[in-house]
């Protein structure tokens with residue numbers, strides 16, 4: 010179980026870092042998402058405030074990259090048996106949720122659900138138990 014959780018955290022971290030780098034201009038929504046008001050990579054919130062191309066959007070991207078680094082470090086932490094992996098996972102999930110809400114897009118719902126699952130498992134359900142992950 011420890012290996013599976015560690016691998017999933019590493020994958021989550023790599024995906025988060027990849028998204029944080031962005032690709033420059035926003036991606037056009039596929040035809041089945043034409044009803045959504047903003048393209049993928051564009052923030053409905055920042056656009057409504059006229060801050061889409063401001064330093065704030067760049068800082069949010071950096072912060073999202075930090076979330077990815079937290080997930081990567083927590084994946085390593087679980088492999089080497091450190092208890093701090095849980096804290097880094099929670100920090101990464103919290104930062105990630107902030108970014109995903111500001112850049113809300115239907116494609117990000119899976120990531121929001123994943124981070125909600127992380128919060129529920131680590132805070133409320135106390136999963137995985139320390140005996141299962143070796144720390």
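Numbering (this note's numbering), first residue to last: 10 to 144. Heads up, the beta-carbon is just placed ideally off N, CA and C, and yes, glycines get one too. Quick caveat: nothing in here was measured; it's all calculated off a predicted structure.
Using beta-carbon positions only, say whether residue i and residue j come within less than 7 Å of one another.
i, j, result
"residue 132", "residue 83", "no"
"residue 22", "residue 77", "yes"
"residue 49", "residue 36", "yes"
"residue 109", "residue 120", "yes"
"residue 88", "residue 25", "no"
"residue 61", "residue 55", "yes"
In the structure shown, what three-state DSSP assignment does residue i receive?
i, result
"residue 58", "coil"
"residue 146", "No answer is possible for residue 146: it lies beyond the span of the chain, which begins at 10 and ends at 144."
Excluding the 5 residues preceding and the 5 following residue i in the sequence, name in chain order all residues of the same chain whose CB lies nearer than 7 Å to its CB.
i, result
"residue 42", "115"
"residue 53", "46, 47, 113"
Alpha carbon to alpha carbon, how far is residue j from residue i? Give it in angstroms, no decimals.
i, j, result
"residue 85", "residue 101", "14 Å"
"residue 103", "residue 40", "31 Å"
"residue 11", "residue 70", "30 Å"
"residue 105", "residue 124", "8 Å"
"residue 20", "residue 13", "11 Å"
Between residue i and the ligand MG, is the CB less than 6 Å from at least one heavy atom?
i, result
"residue 91", "What this structure holds is no ligand at all, so the ligand MG is not there to describe."
Looking only at its own chain, which residues have a Cβ that is under 8 Å from the Cβ of residue i, when we skip the five neighbours before and after it?
i, result
"residue 99", "127, 128, 131, 132"
"residue 95", "83, 131"
Spatial neighbours of residue i within its chain, please: C-beta separation below 6 Å, excluding the five flanking residues on both sides.
i, result
"residue 72", "104"
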